[in-house]
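Report on the following structure.
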Amino acid sequence: MIYEICTQTDPGLTRDNNEDAVAVDALTGLCILADGMGGYNAGEIASGMAAAFIKSEMGRWLSQAGRYANAKEVRRAMEICVENANHSIFNAANSNPQYTGMGTTLVVGVFQDNRLMLGHIGDSRCYRLRGRELRQLTKDHSLLQEQLDAGLITPEQALTSLNKNLVTRALGVEDTVLVEVNECRVEAGDTYLMCSDGLSDMVADEAIAAILLGAGTLEHKARQLVVAANEGGGRDNISVVLAHAKEDSAKRGLLSRILGK
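Sequence positions in the sequence shown follow the working numbering and run -19 to 241.
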């Protein structure tokens, strides 16, 4: 499997700065998206630290060992890198008064062959488009999601809830954090979308699917998602990472020659 990957980020219509951060290492299939929080631009610091730290550490490990690593090893490496990033942000917040309380959500994915190892913290999301079905692969770590799970509110009520942006888990806020990691099987033709809530709060899943199913390049679709979020109000920073899986034509050609087809 080979992957085409692109990113897009935009401050939106109401924010002066962009507290989202994205990072990609196409050679190792590593994708990172973080949505920062905290005053004095501290959210921008937290998300930037998370993206840079994990890209450096995880990217280095993947370039050295990742090609031959099994799923358990990739999962453990991801957990260690996220834990180290958490300590780095937490220590920075506690040693600099203007960064007190800063933190960030996180989505991190490693695409290898027909496998995605997906980790997340907070309410930034990852979706998968397979065929014509868009499915949310991550489950928000948020008060709103807990209320939905407990049956305290309906999905319709959730759309207008005042608790929409209250996360229950974030990177860098406490000295330890639990990253939720799941392994997903990838099929040729799949498109994966990582996004901050600046997209998911502004654009309905049906509209996201329509854009991903539409004509145009992957870069065009990423731009269209940002445009749709701004047209929906643009009340927050908007970031997307798109990854499209395609069958490796070289391997397919080799297999055809071996099979005499």
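Built from N, CA and C at the ideal position, the CB exists for glycine as well.
Asked	Found
Quick one, are the C-beta atoms of I218 and L179 less than 8 angstroms apart?	yes
Take A202 and list the residues in its own chain whose beta-carbon comes closer than 6 angstroms to its own, dropping the five residues that flank it on each side.	C(-14), Q(-12), V220 and L222
Could you tell me whether the segment 130 to 145 touches the segment 82 to 91, using the rule of 3 or more Cβ pairs below 8 angstroms?	no
Start and end of the beta strand (DSSP E) containing R(-5)?	R(-5) -> no beta strand (DSSP E), and no H or E assigned at all.
Excluding the 5 residues flanking N210 on each side, which residues of the same chain have their C-beta closer than 6 angstroms to its C-beta?	L(-7)
Tell me G83's beta-bridge partners as DSSP assigns them.	M17
Our contact map puts L98 next to G89 with C-beta atoms below 8 angstroms; I'd like the distance itself, whole angstroms only.	5 angstroms
Quick check: what's the CA-CA separation for R237 versus N50?	Confidence at R237 is low in this model, with a pLDDT of 49, below 50, so the placement of that residue is unreliable and no value is reported for it.
Going by C-alpha distance, which of E(-1), V4 and D15 is nearest S104?	D15
Report all residues from its chain with a CB closer than 6 angstroms to the CB of T171; omit the five preceding and five following residues, and keep chain order.	L109, L192 and H224
Which of helix, strand or coil does DSSP assign to L239?	Confidence at L239 is low in this model, with a pLDDT of 49, below 50, so its placement is unreliable and the value that follows should be read with caution. If DSSP states are grouped into helix, strand and coil, L239 belongs with the helices.
CA-CA distance, V4 and C175?	14 angstroms
Please say whether L96 and S43 have beta carbons closer to each other than 8 angstroms?	no
Just to confirm the assignment: which complete alpha helix (DSSP H) runs, minimum length 4, are found wholly within the segment 165 to 193?	177 to 180 and 185 to 193
Sort out for me which residues DSSP pairs A32 with in a bridge.	According to DSSP, which records beta bridges pairwise, A32 is partnered with nothing at all.
Could you give the residue range of the alpha helix (DSSP H) that holds R55?	A51 to S75
Count the other C-beta atoms from every protein chain shown that fall within 10 angstroms of the C-beta of E136, then say buried if there are 16 or more, exposed otherwise.	exposed
From the DSSP output, read off the bridge partner residues of K226.	I(-18)
With distance defined between alpha-carbon atoms, name the residue in L128, G18, T118 and M29 nearest to C61.	M29
If I'm right that S27 touches A1 with Cβ under 8 angstroms, what's the distance once you round it to whole angstroms?	4 angstroms
I need the straight-line Cα distance from G169 to A187, nearest angstrom please.	19 angstroms
Skipping 5 residues on each side, what residues in its chain have a beta carbon closer than 7 angstroms to that of A73?	Y79, T80, G81, M82 and G152
Nearest-angstrom Cα distance between I34 and E113?	31 angstroms
Run through DSSP, which three-state label would R215 get?	coil
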